[in-house]
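Read in order, the letters of the sequence shown correspond to residues 238 to 456 in the working numbering.
C-beta: ideal position from N, C-alpha, C; glycine also.
None of the values given here were measured: they were computed from a predicted structure.
A short worksheet on the structure shown next.
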Amino acid sequence: MENNIITSEEALIDFALKLGFLPFFKNSIKGFSFLVYCPPGLWFTDVPGPWEWKGPVIRSGRCAYGKFFKNKAVYVSLDMLPHLCSYRRDGYDFDARCDEGLVFHRDREIYEIIEKSGRITSKELKKKLGDDKNADKYLTRLQMQTYIVISDFIYERSKDGGVYGWGIAEYATPEHLYGRELVTGAYKTPPGKSLEIMAGVILKNFPEADEKEVLKLIK
Numbered sequence: 238m239e240n241n242i243i244t245s246e247e248a249l250i251d252f253a254l255k256l257g258f259l260p261f262f263k264n265s266i267k268g269f270s271f272l273v274y275c276p277p278g279l280w281f282t283d284v285p286g287p288w289e290w291k292g293p294v295i296r297s298g299r300c301a302y303g304k305f306f307k308n309k310a311v312y313v314s315l316d317m318l319p320h321l322c323s324y325r326r327d328g329y330d331f332d333a334r335c336d337e338g339l340v341f342h343r344d345r346e347i348y349e350i351i352e353k354s355g356r357i358t359s360k361e362l363k364k365k366l367g368d369d370k371n372a373d374k375y376l377t378r379l380q381m382q383t384y385i386v387i388s389d390f391i392y393e394r395s396k397d398g399g400v401y402g403w404g405i406a407e408y409a410t411p412e413h414l415y416g417r418e419l420v421t422g423a424y425k426t427p428p429g430k431s432l433e434i435m436a437g438v439i440l441k442n443f444p445e446a447d448e449k450e451v452l453k454l455i456k
């Protein structure tokens, strides 16, 4: 694929939809990364670039975003999100997983705070947790299980209204953002079949990739 083709929020959305999955960072699959396709000159400038595009892309409602592959961030098309949920959840809604005793106490506490809040920033969430130093680990685990996603990035504002600093991640359940019908749309698909479908999409776009490496990345 041609490099340097992601030069705007809309181009990022289009490319993520085309691929089905677009990891933000480099991984074991050559070329399978946002970094490869965005010109280096756009990363640290005075105008909005890749870091600032994250929020608008998520708010477009066309791509989900979260730490989905090996604890690293990935854009996922809404066509592929149900299969990711089918595979990672293995048929368990969060309540069902709790009933089976398969959830850590802190994970359950965090999930319930997020679900009740609708949307909540990591800053606000950590205050509710007593500034738990392990909060990021728990949030990553819940994202990997697809029970929560990043719903936006919120920026601090100065007294004159200008934004500054790095965006603060905001969290929500995918059901809250995209609706339960969409999120559970592949629940009737066996998890192994959903894994096969996702791997097939990646291999179609990166035919030179090793199938074992693709499966390892998704798992």
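Check                                                                                                                                             : Outcome
Which same chain residues, not among the five before or five after N308, have their C-beta less than 6 Å away from its C-beta?                    : T377
Among N240, A409 and T421, whose alpha-carbon lies nearest the alpha-carbon of I385?                                                              : A409
Give the single residue among K453, M317, I391 and N442 whose Cα lies nearest to the Cα of T383.                                                  : M317
Is it the case that the Cβ atoms of D344 and L321 are separated by a distance below 8 Å?                                                          : no
Do you know offhand how far V284's Cα is from K363's?                                                                                             : 30 Å
Out of curiosity, what's the CA-to-CA distance linking P277 and E361?                                                                             : 33 Å
Pair every Cβ in the region 288 to 301 with every Cβ in the region 341 to 358, then say whether three or more of these pairs are closer than 8 Å. : no
Suppose you measure from the CA of W403 to the CA of Y392; what does that come to, to the nearest Å?                                              : 7 Å
Check this for me: beta carbons of F196 and V311, under 8 Å apart or not?                                                                         : The question about residue 196 has no answer here: the residues shown for the chain are numbered 238 through 456.
Under 8 Å between the Cβ atoms of T426 and S323?                                                                                                  : yes
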